[in-house]
Every structure is written in structure tokens, then in C-alpha cells.
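Protein chains in written order, with the numbering used here: chain A, 1 to 396; chain B, 1001 to 1350; chain C, 2001 to 2087. Ideal Cβ placement from N, Cα and C applies to all residues, glycine included. Only one structure is covered here, and it is reproduced in the block below.
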Amino acid sequence: MNRIFVTGMGVISAIGNSVAENHHALQESICGVRKELDLFPSKYAGVLPFGQVQISTELLQKKFHITEPGVTRTTMLAVHAFNEAITAARLSAVDLHSCDTALVGASTVGGMCLTDELFNDANKKTNGSVYTSSYDCASVCLYLQKRYHMNGIINTINTACSSSANAIMFGAMLLKNGFAKRAIVGGTDSLAKFTINGFNALHILSPDICTPFDEGRKGLNLGEGAAFLILEKEEDINGKNVYAELSGYCNTNDSYHPSSLSEQGDGPFLSMQGALQAANLLPDQIDFINAHGTGTENNDAVESRAMIRLFGKPPAFASTKGNIGHTLGAAGAIEAVYSIFNLMHQEVYPNLHFINPIASIGLSPVKLFKKMNVKHVMSNSFGFGGNCSSLVFSKV
Amino acid sequence: MTAMLYIHQTHCIQPQQNPLQANIELINEPVDNKLLAFEPSYEQIPPGILRRMSKAIRMGVGAALPLISQPVPVNGIIIGTANAGMDDCVKFLNQIVQYEEGQLTPGSFVQSTGNVIAGQLGLISKNKGYNITHMHLGLAFENALIDAIMQLNTNPSNSYLVGGVDDLSLFNYNIEKLSGDYKEEAISNKDLYNVDSPGCIAGEGAAMFIVNTIKEYAVAKIMAIHTLHSTDVEFVKQQLKIFLQNNVQEGTEIDLFLSGENGDNRTTAYYTACETLLNYNATIVRYKHMIGDYATASAIGLWYACKILQTQQIPAQMIKHNLTKTVHRNILMYNNFEGLQHSFILVSAI
Amino acid sequence: METAELKLQLKKQIIEFLNLLSVKPDDIKDDEPLFGEGLGLDSIDSIELIVLLGREYGIEIKDPKEGRKILTDINTMVAYIEQHRTR
């Protein structure tokens, strides 16, 4: 059996700059989403709520001695989480240089957080900013590769809001297929004028703090952050600290609409079902679901229906979007870390701001912090383009 | 050595109307150092969907649909692309600026996401299986291939669509020009390899493949693939040496080197170094003068490898070096993107 | 502006705005549903049309659900424009 273990993790989000800070904030039901945005000038700053990471770009740059020109906030958030993860897993410089160490990142925004610079460069309004090689989402992993002198397989995945769930899955596949001995997997995205205006044009940004799974939900809040996990095979653990087992995963497509999910949620249903099968588990063995739960009309209703379809009576579930907002390409990895908290600490965190269940469905997420037995957790990520992915983490 | 996957059907859209043109005088030439794709009429794409598609999406979907409209559906869609929805991305950006973040139309935002090609293919072909988009710039297509190999290893009875696509929109041309990717002076593609200057000529295209584990009726097989990031010519050469030692069996040899040489004098040294590891009589073939260069150009390279293995014919004007070989069974592809991202792919006849 | 003239202008604007390849103004019947059947537009198009009404006629529609009623067909759109246009 090729079991895949998580041997390190790092996370940065609106509720904390480290694993410990994020864990504490979840326990305390802290909401990091506020009507505050000072990263760039925008009409929506102070108007709409955002989950902004509480550390400035300048400070990030200083903290990690980033002296090269053209490194974006998206990349710096990734460096922050990457650094914490490799430290936790005690990866040495030799480990990082090894041809057997893969890096699989994910991002949807990439360097496009520099919306105004991109506008000028793309329309040839300048002689070229320092960012001309930084706009695409690969720029994040290319920087990490260079910074840490990595020689293994390097990849960048973009399946919109499910991107980093797929990065985790791809990393696990590399281990199982002998393309790598360890994989550093995760995702990053920073707030950008581009995504704010995009989601706003689709009328799915909530004017208030989001209320996932609530009857009166008005849409999602955008957030930012990054998370990385270290994956290693059971046979290579050698007494290392193991956080959890990645026991199952599945990627499907809803094949319905470019930006919304089908009524009955075929994609979400199939990804959850496939992940269960891959983990060799029965539906009633899942103790908790970290739901995608964005707070949009469409997602929460469809995800609920798909959970009912698969589980009958779904297990305890909650969305952490009310804590940190929707972090897009980082969401799958950040929520993987949160799912692992459920297993490590045998507890579940409440779905913030929930009051009334969706009338036509009647499901209520976890409302209060509680200690409980958690052996298997499922984490869902669904995105534009019909991309659906589910991961299962198990207690070791 | 066992094959990692078998390639069955192939299709491409690229700047040459006749991709196998043997006469150099008859190949399409670049305009302003740009080789633009010769696009079909896309009759298989429903007009209601086609109207929203930028060129990258059109080419990707248009090259894939003839392959996946087969009676036996594929089990998943695996796409490699560096830019995908870049064109729509900048269109939306321009709207943000023009209307000062006011009421904007969401169409181009939805089409701007990187996974739009795989997503549209899933939608049009009603494929609910595995669906993924690799966007690691010059290795986006190679990572897609590695993904397909792993999917097939796990699910040997499945088949997958795998492909690479990128377009040359005005916006990405501007950005890439500013970062020094393209030649300053206008040149003809007929002189591409004789000009000693930095930069390449810009290109675009899409190449799609149906892959599975079935040997019968396959056109080619992938025996090995390796990717790396380095700016050190010696290191790249050494990695190729190890790759060849590990993957070329005793008694067989590389018959043909399919070179990704692109006329950029900053990367010539890598190709020259790799060529020194070949037998003196290995045939050397180049294709970037036909399609220009872009991040997923190696997908078209693989299309050429398949055609050569299938037909055992090489358009004369694509040959850089040929002595006596008439039969080509083992092809080594080497591609270098911007002097940093390298890939070796070993493709063999069935 | 005469109603007939406004209808033609609106059809031309819809075709341009939604990039409806190969559709001509005459192809769009005044009482034919714009969504689902007929032209086969979808939810993203409905948001685009709301933006069109804003940019061309100065009409602001806050609730997309209300918008859907206005966007039933050319007749309903033109009736709404005639009553509410600010430019």
C-alpha cells in the first residue's frame, strides 16, 4: 500500500500568519473578513468586505529578504506558507535540491494582483515594468524553484477555485507513480482588482460578511492567503511527525455551465463519491465535511443537495469561508490544513454567521465549536469551468 | 522498457496550412515576426458558444472536438496551456480601467480563467470525468503528459484527451516583447536558424492527442519523459546523459533528434550540447520555423514526432542533419523554454 | 425615437454586445424569448444585457431577478426602455 502522509504544513490567511495562529483563530471563531482593503486603490475599498492578510507587501518582502525585482504579493504569500511547511517537515537544503522533491503549486490570480501594471504593459503604455515575467500563474512556482534551487518536477495547476485541491492530488499521484519521493503542494492567491471586479460583475459578491448555507446568503467575500503541505510516502517517514494521511481524492467535471453548478450537482456528487471510493470508505465513515460553502445562492444549495444525494443524512459539516473569505486558488490547500486541524485536535469549528437553514433543503452546518471524534474528514473545492475536487484526510 | 502511454489519434491547428510541406519556398511566412495559426471554420463548435471564445479557446476546443466526438468517449480531459484566457483577461482589465470599476460585463471575466479550455471541452462533450489544466508555462504540456501517464497507470482501461494550446494575442505579444522574448529585427522564418540574435519569432497553435494503454493501432508510444529547470548548459547536458542511460536500451539508439531550436542565440548552446550526446548518424529535425515559438509549442513537436513515426517521411526542409538513416523508430525530443525550462521526451514507433 | 426604430437599434446593439455571430437584426423576432429557446442566451448574457441597458440608455437595474422579466423578449425590453430611459 502506497499510503501518503502529510509531514508538514504552513498557512497564511486573514485570520493568522501561521499554523498556530490559524488554529487558534478557528477555535475562537474569529472572523478575518472586514470592510477594509488597503493593498491597492479600489472603488470597493471600505465598501465590500474582504479577507485581507494582515501583513503588508513591504513587510513580507523584508521578512524574506526578497531583493529581486518583479516578485508579487501572490508569490510572497506563497513563500511565507512554503517556508513554514518545509520548516515543520524539517526538509533540509539537500532535500529541497533533490531531483526527488517535487513542487506543485496552484494559483488563479498569479501576478495579476498587479492589475494596473498589467494594464499598462499589455497595452504597451510603458517601456515595460519589472513585472513583465510575473503576470502568469507559473511565476509563483518559478520563483520558489529558483529561491530554493529545486531540481524535481515543478508544476502549476489552475482549475479556478479548486486549483490547490488538484495540486495536492497531483503531488500525491507523483509519489504513487514514482516521479518523486516527496512533494511540496499547495496554492496561493492575493486580492486583486481583477477578481474583485470579475466576481462583482457576476453579482456574486456579498455586500455584507458572507453567510454560507444560510437562507439569506447574499454571495461570497473574496479573501487571500496561501498554504503548502509536505507529502511523503509511508515508507519514507523514518520516525517523522505525521499530521494526517491523505487517504482519498477525486476530480470530476460538472459539465453544465461556465460559472455555475448544475441543479442536482452531478460534479460535486461524483467528486465526493470518487474520493470516498479512492479512500475505500463508506459514506457513514466520514465524520466531518469542510464544505466549499462560498455563500453564493448557487453553490450552497447545490453542494447541500449533492451531500444529501451521497450521504442521505450528511455528516457534520461547515464552511470556513466566513472566517477568511474565498481565497480562490489557495482555498483547497488552506482548507486542507483546516481539515487536518479537525483530525489533529479532534474538534470542529463553527460555520460563522449562519442563522437559518436554506428553506427548501433544511440542512444546518456546525454552529458551535465542539470536541468530537474525527477519524475521516472530507474537503470540497468547486470552481468555474465545472471543476470539482474532493479530498479525504484521515487520522493516523 | 514498457511504454508509458500509447498515442492513438492526433490533431493540430497551427500556422502552416500544410504542416508537412517539404518545399521551404512554400511555407507560410511570418508577418511582423508573428506566425499566426491557420484556423479552420470550427463547424463542430456550437455558434452560441463560439461567439464568446477567444482564439486560444477556439483553437484548443477546435483541435480537440474532432478527437473526442468519437463514439467511445474519453475518461478525462488534460490540458496544458501557459496563457489560455489571457486575451479575455486583458479585455476585462481594460473594461475595469475604462469604466472605472463601474458596471462591467462578466463574459470576458468568465472566459479569462486558465481552465477555460478544459472546462469548455467538458461542457461541450458532456464529459464528467477527470478535468484539469496545467499552467506551468514552458512545461505546461509536459506536465499534462505526465498527468496522463499517471492517470493511465492508475486506470489502465481508460483513455484521455491530452493537449497543449496557446495563442498569440496582441496583449501577450506586447508583454512578451517587453520582456525580450522576440526578435527586434524583422526576419523570415526561412532564415530563422542563420540569424545570430536574441529572441525568437512568435507563434501559436494547438495539438491534441488521444492516449491510452492499448498498443494495437497506436501511432506512437511515449517511452520516457523528464523535465527540469536550469540555466546551466552543462547540468542540462548531464541530465540528458542520465536520461539516455536510463531509457535507451542496449542495442537500440536514438534515430532522430527533434530539436526545439528556435533561432534565439541565447539558447543555441543548450541544443548544441545535447546534440553532442547523439550518434554521428542521428537525423536532426527542427520545426520552430514552421510554427514560431510559444510556451506549449512542444505539443506541436509531439505531433510532428507522431507523423514521422507513422509515415516514416520527413519534410526535407525540416531536416538539419541527415546521413544515411531511412528508418526512424526512436525519437528524442528536446525543448528549451526561455533558457530555463527543459524537457526530454522519448517517443518510439509501435 | 419611433418604437420600430428603437427596436432595430436595440437588436443591433444586442448583436454587437453579445457578439452573436451570423445573427442579423431580422432574425430576432420581437416576441421570441431571448433566453432558453429562441436566441438561446444564458445567465451570463442576461447580466451583459443589464450592463447594455445601463451604458446605452442610462437604466439601472439592481436586482438581476427583476432584470429577467424585463429581458423576456424585444417587446418587453423596448417597453421598459421607453418608460425608463434617462438618455
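Quiz item: In terms of residues, what are the limits of the beta strand (DSSP E) holding residue 117(A)?
Solution: Unbroken run through residue 117(A) is the alpha helix (DSSP H), 115-122; no beta strand (DSSP E).
Practice problem: Note down the Cα distance separating residue 2067(C) from residue 332(A), rounded to an integer number of angstroms. | Solution: 34 Å
Exercise. On a CA-only basis, which of 1230(B), 1115(B), 1009(B) and 1146(B) is nearest residue 149(A)? Give me that one, please.
Key: 1230(B)
Self-check item: Identity of the residue in 1009(B), 1318(B) and 1019(B) nearest residue 1259(B) by Cα
Solution: 1318(B)
Quiz item: By the 10 Å Cβ neighbour count, where 16 or more other Cβ atoms means buried, how is residue 213(A) classified, buried or exposed?
Solution: buried
Quiz item: Alpha carbon to alpha carbon, how far is residue 3(A) from residue 393(A)?
Solution: 11 Å
Quiz item: Between residue 1224(B) and the rest of its own chain, which residues show a CB-CB distance below 6 Å, the 5 nearest in sequence each way excluded?
Solution: 1247 and 1346
Quiz item: Touch check for the stretch 1178-1189 of chain B and the stretch 1017-1030 of chain B: three-plus C-beta pairs under 8 Å?
Solution: yes
Quiz item: Can you find a C-beta in chain A that's less than 9 Å from the C-beta of residue 1150(B)?
Solution: Taking Cβ atoms only, chain A reaches closer than 9 Å to residue 1150(B), which makes this a yes.
Quiz item: Going straight from the alpha carbon of residue 1205(B) to that of residue 2087(C), what length do you get?
Solution: 45 Å
Practice problem: Determine the DSSP secondary structure at residue 73(A), reduced to helix, strand or coil. | Solution: helix
Quiz prompt | Cβ pair residue 244(A), residue 13(A) closer than 9 Å | solution = no
Quiz item: According to DSSP, which residues form a beta bridge with residue 378(A)?
Solution: 289(A) and 392(A)
Quiz prompt | Proximity of residue 1093(B) and residue 115(A) at Cβ, strictly below 9 Å | solution = yes
Quiz item: What number of angstroms, rounded off, separates the C-alpha of residue 2040(C) from the C-alpha of residue 2023(C)?
Solution: Approximately 12 Å, taken between the alpha carbons.
Quiz prompt | Proximal residues to residue 1172(B) (C-beta, below 7 Å), its chain only, five neighbours per side dropped | solution = 1083 and 1086
Quiz prompt | For residue 1061(B), the first and last residue of its enclosing alpha helix (DSSP H) | solution = Its alpha helix (DSSP H) spans residues 1055-1068.
Quiz item: Can you tell me the Cα-Cα spacing of residue 1254(B) and residue 1241(B), whole angstroms?
Solution: One C-alpha to the other measures close to 12 Å.
Exercise. Look at the Cβ atom of residue 165(A), then the Cβ atom of residue 319(A), and state whether they are nearer than 9 Å.
Key: no
Quiz item: Can residue 1159(B) and residue 1124(B) be called in contact, C-beta distance under 9 Å?
Solution: no
Quiz item: Per DSSP, residue 245(A) forms a beta bridge with which residues?
Solution: 5(A) and 394(A)
Practice problem: Could you pull the start and end residues of the alpha helix (DSSP H) that residue 299(A) belongs to? | Solution: 297-311
Self-check item: 8 Å contact criterion, which residue 407(A) and residue 1106(B) should meet: CB distance rounded
Solution: Here chain A has residues from 1 to 396 only, and residue 407(A) is not among them.
Quiz item: Going along chain B in order, which residues have a C-beta closer than 9 Å to the C-beta of residue 2044(C)?
Solution: 1052, 1105, 1106, 1107 and 1110
Exercise. Would you mind stating whether residue 1077(B) and residue 1127(B) have Cβ atoms separated by less than 9 Å?
Key: A Cβ-Cβ contact shorter than 9 Å links residue 1077(B) with residue 1127(B).
Quiz prompt | DSSP state of residue 164(A) mapped onto helix, strand, coil | solution = helix
Exercise. Tell me, please, which residues DSSP counts as bridged to residue 34(A).
Key: 50(A)
Self-check item: Contacts of residue 2047(C) in chain A (Cβ-Cβ under 8 Å)
Solution: Chain A residues near residue 2047(C): 201, 202 and 203.
Exercise. Out of 238(A), 236(A) and 182(A), point me to the one whose CA is closest to residue 229(A)'s CA.
Key: Cα-wise, what sits closest to residue 229(A) is 182(A).
Quiz item: Taking 9 Å as the CB-CB cut-off, is residue 2050(C) touching chain B?
Solution: yes
Quiz item: Can you find a C-beta in chain F that's less than 9 Å from the C-beta of residue 258(A)?
Solution: As a matter of chain content, chain F is missing from the structure shown, whose protein chains are A, B and C.
Quiz item: When DSSP builds the beta bridges, which residues end up paired with residue 13(A)?
Solution: 16(A)
Practice problem: Could you tell me which residues DSSP puts in a beta bridge with residue 94(A)? | Solution: Per DSSP, none; premise fails for residue 94(A).
Quiz prompt | Helix, strand or coil at residue 1327(B) according to DSSP, with G and I counted as helix | solution = coil
Quiz item: Taking residue 38(A) as the reference, which of 343(A), 57(A) and 246(A) has the closest Cα?
Solution: 57(A)
Quiz item: Which same chain residues, not among the five before or five after residue 386(A), have their C-beta less than 7 Å away from its C-beta?
Solution: 253, 254, 255, 256 and 267
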